[in-house]
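Written below as structure tokens is the structure these notes are about.
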Amino acid sequence: MTDQEFRAVYPLLAGWIQETLAEHASAARPVASLGFRRLPRYYDEKTLASAKVVLVTKVPVPPLSAMGLGRFADFEQMDAGGTTYLDTYFVRADQSHSESLHFHELVHVIQWRLLGPEKFLALYADGLERFGYRKSPLERMAFSLQKRFEREAQPFSVEAVCQSLMREMVSHGDSPAPLDGP
Ligand SMILES: [Zn+2]
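For the record, in the sequence shown the residue sitting at position 16 is 16 according to our numbering, with numbers rising by one throughout.
Encoded structure:
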């Protein structure tokens, strides 16, 4: 995706996200209220108190094809178990008891926070286009940390790990142009 193309679509995406979050605001509750036992060993209290969850039957995805991004149609139709916009994530109700899924979406909450919305979306779209969903850099990071969460008992600070992985990603030139901006 060219920088110019991203600039054109970004306001549409940002507007859609704002609307979607407003629409679900009354159903959003803090992750901390769900009472998961292990998450507090990986995320600080402030994150768990401020990040919000919305349970849905189908996670909302922006109308990418209608926005002129027909090449992301597969992603648009994926029917994922969860998805994250800013500090709020949506989880399919049938998977709402999976602590591991909440862990994964919280990685994205941290990524959104560290990158800011514009860089997050630019990096996400670029990764999706170049590597596909599962291998896009931000998803790879979330899936590999999730695997550690599932397989290892030893807790770690997700925020600290994300910060250093993100630095590495940028220094390896794996990022789209907007990340190199001012
Ligand atoms: Zn993900």
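Even for Gly, the Cβ is constructed at its ideal location relative to N, Cα and C.
All figures in this text were calculated on a predicted structure; none of them were measured in a lab.
When secondary structure is reduced to three states using DSSP, Y89 falls in the strand class. Taking 7 Å as the cut-off, the C-beta of E139 counts as close to a heavy atom of ligand 1.
Take L114, set aside five residues on each side of it, and the residues of its chain with a beta-carbon closer than 7 Å to its own are C162, Q163, M166, in chain order. Bounds of any alpha helix (DSSP H) do not take in V56; it lies within the beta strand (DSSP E) bounded by 52-56. Residues G82, T84, Y89 of the same chain have their beta carbon placed closer than 6 Å to that of E105, with the five preceding and five following residues left out of the count. Set against 7 Å, the gap from the CB of A125 to the closest heavy atom of ligand 1 is not smaller.
No Cβ-Cβ contact shorter than 8 Å links K52 with D94.
Taking a cut-off of 8 Å on C-beta distances, the segment 5-15 touches the segment 115-128, as three or more cross pairs fall below it. Here the C-alpha atom of A32 lies approximately 20 Å from the C-alpha atom of A142.
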